[in-house]
Amino acid sequence: MPDYDAFFKGFTKPPKGSIVIDPFADDESTAKWLDKKNILIAYSAKESHPLGLRLDSLRDPPKYAGTYVVTTPPWHKKGDIADNTLFDRYGTDNLYKCFIRTLLKSQALGGSILVPLNFLVGIRDSEKKRRQDFFTLYKPLRFNVFQTIWQKNLSVAINFVARHSAPKDEFWPAYLYPSGDESILIPSRNCATLSGQDPYETGYKTKPEKHISIRTGSPQKASDTLLLIRVRTHDTVTQRAGLATDEGSILYVRGVLSKKAQYRLLRDFNEWLNNWRSQTNSLFMSCNAEGRYYISIEFAIEAMTRILWSYFKPSQSPRMT
Numbered sequence: 578m579p580d581y582d583a584f585f586k587g588f589t590k591p592p593k594g595s596i597v598i599d600p601f602a603d604d605e606s607t608a609k610w611l612d613k614k615n616i617l618i619a620y621s622a623k624e625s626h627p628l629g630l631r632l633d634s635l636r637d638p639p640k641y642a643g644t645y646v647v648t649t650p651p652w653h654k655k656g657d658i659a660d661n662t663l664f665d666r667y668g669t670d671n672l673y674k675c676f677i678r679t680l681l682k683s684q685a686l687g688g689s690i691l692v693p694l695n696f697l698v699g700i701r702d703s704e705k706k707r708r709q710d711f712f713t714l715y716k717p718l719r720f721n722v723f724q725t726i727w728q729k730n731l732s733v734a735i736n737f738v739a740r741h742s743a744p745k746d747e748f749w750p751a752y753l754y755p756s757g758d759e760s761i762l763i764p765s766r767n768c769a770t771l772s773g774q775d776p777y778e779t780g781y782k783t784k785p786e787k788h789i790s791i792r793t794g795s796p797q798k799a800s801d802t803l804l805l806i807r808v809r810t811h812d813t814v815t816q817r818a819g820l821a822t823d824e825g826s827i828l829y830v831r832g833v834l835s836k837k838a839q840y841r842l843l844r845d846f847n848e849w850l851n852n853w854r855s856q857t858n859s860l861f862m863s864c865n866a867e868g869r870y871y872i873s874i875e876f877a878i879e880a881m882t883r884i885l886w887s888y889f890k891p892s893q894s895p896r897m898t
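According to the working numbering, the sequence shown is numbered sequentially starting from 578.
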């Protein structure tokens, strides 16, 4: 049973007298957290529950319009359960993502939810779009980020209200637990980052000239050097994200880059990446969501491009030996 007094600490509760829906009320967590003057509609797919009405809220989602939502959706990924009907229906690979889709189709007045941290930091195109769609429809009031494992994932609690106008530049209050440190969460092109911890802003700031570039894809052009290294965007507990020689996306660099220079690039990128991870929370928040950790190929390419440019003086040729 999640302790909402801890997970939803500092959150704005639904106004007294408002209707609150818990679509996954498998226990009394929501009822205990809410004001007694709220009208709670609790649904559960289980056959019996002291507060719940029998309903599978993913197969037959309730209408959230005019209500508040307080819940912890299921976090089961595709492969954890035998029936893949819901994953096929919603076109996604985790039940919490199916739930997010229902909130996008029927806008609630607001609410508080507890979901995997991957919702904030996932870098797949589908994850970026899901996040953008959600925060276009809802304005976050506060994030509580938990850096201790719960349900085999790191988690984030989100307090939000419905938007009535287009979002503008925003800074979102975020609290990191168990430390209790306060920060600011900033929407980013790849994932949410904490204030002062965006590697695009604080990393290699020097803009490279156009004759130094790294790209993916094929075929190789006459002016390219095919790098002997590849980008590994997969990160595990024992092997951190970085450059590797055995998997990932093929990279090309415009200009001549010797083997020695390529190994130097590999070393410098990994050193910078690991230093960044050890000193910050943003982008590389350890989020064991779905058993995978990622950095984006776009991020790796931009970082390597800036590292390469740091090797040269403006008057020099891009040839390295």
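By construction, the Cβ of each residue, glycine as well, lies at the ideal position given by its N, Cα and C atoms.
What separation, rounded to the nearest whole angstrom, lies between the Cα atoms of residue i and residue j?
i           : j           : result
residue 671 : residue 643 : 27 Å
residue 879 : residue 613 : 53 Å
residue 844 : residue 731 : 30 Å
residue 633 : residue 756 : 37 Å
residue 653 : residue 692 : 11 Å
residue 639 : residue 887 : 56 Å
residue 621 : residue 615 : 19 Å
residue 883 : residue 846 : 10 Å
residue 836 : residue 675 : 47 Å
residue 668 : residue 637 : 16 Å
residue 682 : residue 597 : 17 Å
residue 761 : residue 599 : 28 Å
residue 645 : residue 595 : 8 Å
residue 706 : residue 848 : 31 Å
residue 834 : residue 704 : 35 Å
On the CB-based measure, 16 or more other CB atoms within 10 Å of its CB, does residue i come out buried or exposed?
i           : result
residue 702 : exposed
residue 748 : exposed
residue 759 : exposed
residue 592 : exposed
residue 735 : buried
residue 583 : exposed
residue 686 : buried
For residue i, which of helix, strand or coil comes out of DSSP?
i           : result
residue 657 : coil
residue 610 : helix
residue 754 : strand
residue 847 : helix
residue 780 : In this predicted model, residue 780 has a pLDDT of only 49, less than 50, meaning its place in the structure is not dependable; the value taken from the coordinates is given anyway. Of the three classes helix, strand and coil, the one that applies to residue 780 here is coil, per DSSP.
I'd like to confirm the pairing. Which residues does DSSP put opposite residue i in its beta bridges?
i           : result
residue 736 : 689, 719
residue 621 : 631
residue 760 : 751
residue 698 : In DSSP, residue 698 forms no bridge with anything.
residue 599 : 619
residue 648 : 690
residue 852 : Paired residue(s): none; residue 852 is not in a bridge.
For residue i, is the beta carbon positioned less than 7 Å from some heavy atom of the ligand GTP?
i           : result
residue 737 : For the ligand GTP, the structure offers nothing, since it holds no ligand at all.
Checking contacts by CB at 8 Å: is residue i closer than that to chain B?
i           : result
residue 661 : Reference to chain B is not applicable here, since this structure consists of a single protein chain.
Take every Cβ of the region 690–701, pair it with every Cβ of the region 738–745, and state whether three or more of those distances are shorter than 8 Å.
no
Contact between the region 649–667 and the region 599–615 is defined here as three or more beta-carbon pairs at a separation below 8 Å; is this criterion met?
yes
Please determine if the region 583–592 and the region 711–719 are in contact, where contact requires at least 3 C-beta pairs separated by less than 8 Å.
yes
Quick check: the region 653–662 against the region 702–715, are at least 3 beta-carbon pairs closer than 8 Å?
no
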